[in-house]
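Only one structure is covered here, and it is reproduced in the block below.
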Amino acid sequence: MVRISFLGACREVGRSAVLVESKRGDKCLLDYGVRFREEERLPLETDLDNLKAVALTHCHIDHSGALPYLYRNGKVP
Numbered sequence: 008m009v010r011i012s013f014l015g016a017c018r019e020v021g022r023s024a025v026l027v028e029s030k031r032g033d034k035c036l037l038d039y040g041v042r043f044r045e046e047e048r049l050p051l052e053t054d055l056d057n058l059k060a061v062a063l064t065h066c067h068i069d070h071s072g073a074l075p076y077l078y079r080n081g082k083v084p
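Counting in this note's numbering, the sequence shown runs from 8 upward without gaps.
In structure tokens form, the structure reads like this:
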């Protein structure tokens, strides 16, 4: 069983982020972008322990712009 959580980009442009979690608890992010408005710029907060990979669909900022926050917070796989 796999759990899929949408952390942003639902009914909005920006903050594209999808978290895929395996039954064992391993996690993978598909995109991790920002939104251009001032409020709620980053994807929704979630536990990123056991993050094993980040995959990008493409390098536009709304799909990749939050990656530096992962690095800064020590969550880079």
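A virtual CB, placed ideally from N, CA and C, is assigned to each residue, including glycine.
Considering only residues of the same chain and omitting the five flanking positions on each side of residue i, which have a CB-CB separation below 7 Å?
{"i": "SER23", "result": "GLY15, ALA16, ASP38, GLY40, ASP69, HIS70"}
{"i": "PRO50", "result": "LEU14, GLY15, ARG22, ALA24, TYR39, ALA73"}
Can you tell me which of the options puts its alpha carbon nearest to the alpha carbon of residue i?
{"i": "LEU63", "options": "LEU77, TYR76, LEU36", "result": "LEU36"}
{"i": "GLY32", "options": "HIS65, ASP56, LYS82, ARG79", "result": "ASP56"}
Quick check: the Cα distance between residue i and residue j, rounded to an integer number of angstroms?
{"i": "LEU58", "j": "VAL20", "result": "25 Å"}
{"i": "ASP54", "j": "LEU26", "result": "10 Å"}
{"i": "GLU52", "j": "HIS67", "result": "21 Å"}
{"i": "SER79", "j": "HIS65", "result": "According to the sequence displayed, residue 79 carries Arg and not Ser. Answer to the nearest angstrom: the Cα atoms are 21 Å apart."}
{"i": "GLU46", "j": "LYS82", "result": "23 Å"}
{"i": "SER12", "j": "ARG18", "result": "15 Å"}
Give the C-beta separation of residue i and residue j to the nearest angstrom, bearing in mind that I take them to be a contact with Cβ-Cβ under 8 Å.
{"i": "LYS34", "j": "MET8", "result": "Actually they do not touch by this definition, with Cβ atoms about 14 Å apart."}
{"i": "PRO75", "j": "VAL61", "result": "Not confirmed; about 12 Å, so no contact."}
Considering residue i, what are the terminal residues of the beta strand (DSSP E) in which it resides?
{"i": "LEU14", "result": "10-15"}
Whose C-beta lies closer than 6 Å to the C-beta of residue i among residues of the same chain, with five residues either side of it excluded?
{"i": "ARG42", "result": "GLY21, ARG22, ARG48"}
{"i": "ARG10", "result": "GLU28"}
Starting from residue i, trace the alpha helix (DSSP H) in both directions and tell me its first and last residue.
{"i": "LEU2", "result": "An answer regarding residue 2 cannot be provided, because it is not within the stretch 8 to 84 covered by the chain."}
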